[in-house]
């Protein structure tokens with residue numbers, strides 16, 4: 405428990421360091437996955453100057469998520485980056501596509517205090533995976549991931565799998581869960597694809613027109629998981645609505661399904677644990693401005709993934725956290741709930757356990773919302 409508190413800039417009370425920090429050490433990725441926003445960006449890959457990490461002593465020991473938006477392991481000094489976080493005693497959640505996670509690429513990660521490791525891997529058959537995860541080598545990536553998992557077999561680190569469901573891989577859903585269960589993963593997160601661009605092929609991959617069939621697939625996965633007493637758990641946005649909840653009430657908890665296997669380990673949900681719920685005078689049920697910050701590839705520090713309040717290449721994290729710009733943002737978010745109501749980070753990340761996959765609006769990202777009723781999912785066009 406950290407006892408260091410500092411006089412708060414705004415109310416004269418005490419505001420501790422943030423509980424959760426996300427670091428995006430890169431802008432870009434080495435893959436061009438069909439459903440990912442990065443595939444539709446034109447920017448060149450950019451990387452964080454590690455000088456910024458010399459100003460993080462204020463958040464020593466705090467939880468750090470690395471790579472929630474872009475691929476962190478392509479940073480040219482990724483091993484040094486991890487080494488600096490290790491020296492700062494940070495507890496790390498790593499999110500990666502697994503293509504560059506070998507012992508040769510990043511030896512420091514094997515000595516880290518990893519609380520959670522999440523691999524993104526879509527589909528479990530080679531052809532499907534390589535069609536979705538363009539530029540990836542199925543066999544090499546799988547070897548990397550399975551080797552990594554074995555090296556942490558005796559540690560308490562949680563292992564999670566993120567797989568994005570679309571028409572191309574829907575029929576592989578149980579195969580995916582079964583495979584990762586056999587290899588000691590703790591949870592498989594089954595995420596319905598969100599259309600992020602008006603690309604015709606992408607729109608046609610949406611599960612919205614066949615959502616009832618997709619819900620049936622997820623129900624079959626849940627029922628088999630339960631009846632076979634599998635160790636792995638499964639999360640999916642459909643499960644809060646599934647009729648199976650009435651048949652197996654003890655196995656459903658919002659979007660989570662567990663089998664009752666005594667070896668099952670429920671992976672913590674850091675964003676929900678640290679960011680969800682009203683506090684610090686917030687009327688909206690999100691306390692992010694007071695418990696969370698995000699560090700960008702250029703050293704910028706954001707509150708709420710929207711507001712840049714300083715830069716670590718110029719200031720310490722402590723001065724940014726308690727600075728006037730951060731105070732102004734917190735005051736704004738206390739008073740103007742329309743900012744929070746329009747927040748996609750809240751909707752898709754912090755509140756991900758309660759997204760409504762039965763609604764059409766879920767299936768497209770923010771910039772396509774104004775033309776939602778004009779999207780022809782079957783033809784892949786916006787009328």
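In the working numbering, the protein residues as written are 405 to 787. By construction, the Cβ of each residue, glycine as well, lies at the ideal position given by its N, Cα and C atoms. All of these numbers come straight from a predicted model, not from anything done at the bench.
Neighbour-count burial assignment, residue i, 16 or more Cβ in a 10 Å radius
{"i": "residue 429", "result": "buried"}
{"i": "residue 408", "result": "In this prediction, residue 408 scores a pLDDT of 40, lower than 50, which makes its location untrustworthy; the coordinate-derived value is nonetheless stated afterwards. By the neighbour-count rule (16 or more Cβ atoms within 10 Å), residue 408 is not buried but exposed."}
{"i": "residue 696", "result": "buried"}
{"i": "residue 544", "result": "exposed"}
{"i": "residue 770", "result": "exposed"}
{"i": "residue 741", "result": "exposed"}
{"i": "residue 448", "result": "exposed"}
{"i": "residue 709", "result": "buried"}
{"i": "residue 424", "result": "buried"}
{"i": "residue 502", "result": "buried"}
{"i": "residue 739", "result": "exposed"}
{"i": "residue 475", "result": "buried"}
{"i": "residue 416", "result": "Residue confidence is low: residue 416 scores 43 on pLDDT, short of 50, so the model does not pin down where it sits. Its coordinate-derived value is still stated next. When all chains shown are included, residue 416 counts as exposed."}
{"i": "residue 446", "result": "exposed"}
{"i": "residue 582", "result": "buried"}
{"i": "residue 626", "result": "buried"}
Helix, strand or coil at residue i [DSSP, three-state]
{"i": "residue 742", "result": "helix"}
{"i": "residue 696", "result": "strand"}
{"i": "residue 545", "result": "helix"}
{"i": "residue 702", "result": "coil"}
{"i": "residue 450", "result": "strand"}
{"i": "residue 430", "result": "strand"}
{"i": "residue 724", "result": "helix"}
{"i": "residue 463", "result": "helix"}
{"i": "residue 506", "result": "coil"}
{"i": "residue 457", "result": "helix"}
{"i": "residue 737", "result": "helix"}
{"i": "residue 787", "result": "coil"}
{"i": "residue 719", "result": "coil"}
{"i": "residue 555", "result": "helix"}
{"i": "residue 539", "result": "coil"}
{"i": "residue 486", "result": "helix"}
{"i": "residue 534", "result": "helix"}
{"i": "residue 358", "result": "An answer regarding residue 358 cannot be provided, because it is not within the stretch 405 to 787 covered by the chain."}
{"i": "residue 479", "result": "coil"}
{"i": "residue 550", "result": "helix"}
{"i": "residue 528", "result": "coil"}
{"i": "residue 560", "result": "coil"}
{"i": "residue 442", "result": "helix"}
{"i": "residue 513", "result": "helix"}
{"i": "residue 406", "result": "For residue 406, the predicted model reports a pLDDT of 36, less than 50, meaning its position is unreliable; a value from the coordinates is still stated below. Coil at residue 406, not helix or strand."}
Bridge partner(s) assigned by DSSP for residue i
{"i": "residue 731", "result": "For residue 731, which the question treats as bridged, DSSP gives no partner whatsoever."}
{"i": "residue 714", "result": "705"}
{"i": "residue 495", "result": "467"}
{"i": "residue 523", "result": "500, 565"}
{"i": "residue 690", "result": "680"}
{"i": "residue 425", "result": "468, 697"}
{"i": "residue 518", "result": "496"}
Sequence ranges, alpha helix (DSSP H) only - wholly within the region 563-629, length at least 4:
577-586, 604-608
For the structure I just gave you, are there three or more beta carbon pairs, one from the region 650-660 and one from the region 688-704, closer than 8 Å?
no
Is there contact here, the region 610-620 with the region 775-785, by at least three beta-carbon pairs under 8 Å?
yes
Below 8 Å, can you find three or more Cβ-Cβ pairs linking the region 531-546 to the region 432-452?
yes
For the region 638-682, which segments carrying the beta strand (DSSP E) assignment without a break, of at least 3 residues, lie completely within its bounds, in sequence order?
none
Please determine if the region 464-472 and the region 595-605 are in contact, where contact requires at least 3 C-beta pairs separated by less than 8 Å.
no
Inspect the CB distances between the region 743-753 and the region 630-645 and report whether three or more fall short of 8 Å.
no
Does the region 476-489 come close enough to the region 511-526 that 3 or more CB-CB pairs lie under 8 Å?
yes
Minimum length 3: unbroken beta strand (DSSP E) runs contained in the region 754-781
none
Can we say the region 716-726 touches the region 452-465, given the rule of at least three CB pairs closer than 8 Å?
yes
So does the region 724-744 actually touch the region 682-694, counting three or more Cβ pairs closer than 8 Å?
yes
Does the contact criterion of 3 or more C-beta pairs under 8 Å hold for the region 580-591 versus the region 556-570?
yes
Is there contact between the region 676-683 and the region 563-582, where contact requires at least three CB pairs shorter than 8 Å?
no
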